[in-house]
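The structure appears below as structure tokens.
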Amino acid sequence: NIQVGFQNINRSPSFIFEDQSSFNFRNPSVSKKENITVLTAATENPKFTLWFRNISLTNYTYFKNYYQTDQYSSLINIAQVQAFKKFNFKLLRNKLFLYSDFIVQQTGANSPVRVPLFYTRQRLAFEGVFYKNLNLSTGFDVNYNTPYKANNYSPVMGQFFPQDSIINNVPNVSYFFNFRIKSFTGLVKLENLNTVNFANGFNFTNNNFAAPHYPTPGLILRVGVNWRFVN
């Protein structure tokens, strides 16, 4: 089973880049329309799923620093290959699963669009139906991308812009416990377990960074409940 897709978008840059915008700071207006072309191909079978996507950008409009706008006249190409596979281990009554996502992507070295070369998400879960009505899924989520020049953030504009410092993070690790009993659904999730730090006692201060000078949170506990009633 192979699917192929094509999309072309020709649009004016967002209003925030126009000189009429209160955010413009007297920057000259960008006059050329952006063109975005997306080519996709995907194949799926019981063993794995594979995607390919190529994004071509012309006249890409962006902020080049904290408040100045710019338009990149050269062509920007972003090529991505993504693979997904679900593994079923013959353990714990065949209820132990590993969901694996892998993405490899590449763009030009001088492009204002920066992406990590490699990204992966691994979800190890013990899941299944127990005692007729209990649907349970519990385990760990791990997300990781290779070091890259992640965008900086401008609080003045509320926008991101390219910069040249490399952000090198450790894998993000979370624990989740999801269950459903008939119409009742519950969620407990502990995020950012990777921030644990034993240097000065026990705390969660070994933070990753979303952008230079912008650390991500330490340990987060999320609890969710959904209970549906039907007359």
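The sequence shown begins at 203 in the working numbering and counts up by one. Don't be surprised by glycine CBs; every beta carbon is placed ideally from N, CA and C. All of these numbers come straight from a predicted model, not from anything done at the bench.
Let me make sure I understand the geometry here. Which of the options has the alpha-carbon closest to that of residue i?
i      : options                           : result
Ile278 : Tyr264, Phe291 and Lys288         : Tyr264
Phe328 : Phe291, Ser356 and Asn353         : Phe291
Asn203 : Glu246, Phe219 and Pro230         : Glu246
Phe434 : Leu338, Asn210, Leu294 and Arg213 : Examination of residue 434 is not possible in this model, given that the chain is present from 203 through 433 alone.
Ala281 : Thr397, Val317, Leu326 and Gly420 : Val317
Tyr321 : Val283, Pro357, Thr340 and Phe227 : Val283
Thr340 : Tyr301, Val206 and Ala412         : Tyr301
Asn267 : Phe431, Val358, Asn312 and Asp343 : Val358
Tyr377 : Pro349, Asn402 and Leu326         : Leu326
Asn312 : Pro230, Lys351 and Thr271         : Lys351
Phe362 : Phe332, Pro414, Asn402 and Gly403 : Pro414
Phe342 : Gly207, Leu298 and Gly360         : Leu298
Tell me which residues share the same chain as residue i and place their Cβ nearer than 7 Å to its Cβ, disregarding the 5 neighbours each side in the sequence.
i      : result
Ile383 : Asn335 and Leu336
Ser275 : Asn261
Val331 : Asn337
Gly207 : Thr242
Asn399 : Asn405, Phe406, Thr407 and Asn408
Phe227 : Tyr269
Closer than 6 Å by C-beta to residue i: which residues in its own chain qualify, once you throw out the five before and the five after it? Chain order, please.
i      : result
Asn261 : Lys234, Glu236 and Gln273
Thr251 : Phe286
Val315 : Ile278 and Thr309
Trp429 : Phe386
Arg323 : Asp303 and Asn345
Asn210 : Thr239
Pro417 : Asn409 and Phe411
Gln205 : Ala244
Between which two residues does the beta strand (DSSP E) holding residue i run?
i      : result
Arg424 : Ile422 to Trp429
Gln205 : Ile204 to Arg213
Val246 : According to the sequence shown, residue 246 is Glu rather than Val. Per DSSP, Glu246 belongs to the beta strand (DSSP E) from Glu236 to Glu246.
Gly436 : Summary: the structure shown does not reach residue 436, with the chain confined to residues 203 through 433, and so no result is reported for it.
Thr251 : Thr251 to Thr260
Thr340 : Leu336 to Asn347
Val375 : Asn374 to Ile383
Ile369 : Note, Ile369: premise wrong, no beta strand (DSSP E); not H, not E.
Val390 : Phe386 to Glu393
Asn354 : Asn354 to Ser356
Ser302 : Leu298 to Thr309
Ala285 : Ile278 to Phe291
Is residue i near the ligand ATP, in the sense that its beta carbon is under 6 Å from a heavy atom of that ligand?
i      : result
Val390 : For the ligand ATP, the structure offers nothing, since it holds no ligand at all.
Consider the Cβ of residue i: report whether some Cβ of chain C lies at a distance smaller than 7 Å.
i      : result
Met359 : You won't find chain C in this structure, because it holds only one protein chain.
Short check: CB of residue i to CB of residue j, under 7 Å?
i      : j      : result
Asn354 : Gln365 : yes
Asn374 : Asn405 : no
Val232 : Pro215 : yes
Phe411 : Ile368 : no
Asn229 : Gln270 : yes
Leaving out five residues before and five after residue i in sequence, what residues of the same chain have Cβ atoms less than 8 Å from its Cβ?
i      : result
Asn396 : Val372, Pro373, Asn374, Val375, Asn408 and Asn410
Arg295 : Gly330
Pro349 : Pro318, Ile368, Ile369, Asn370 and Asn371
Phe431 : Ser385
- Message: I want to know whether the stretch 307 to 318 touches the stretch 251 to 270 - three or more CB-CB distances under 8 Å.
- Response: yes
- Assess, as a yes-or-no matter, whether the stretch 411 to 424 is touched by the stretch 391 to 400 under the definition of 3 or more beta carbon pairs within less than 8 Å. yes
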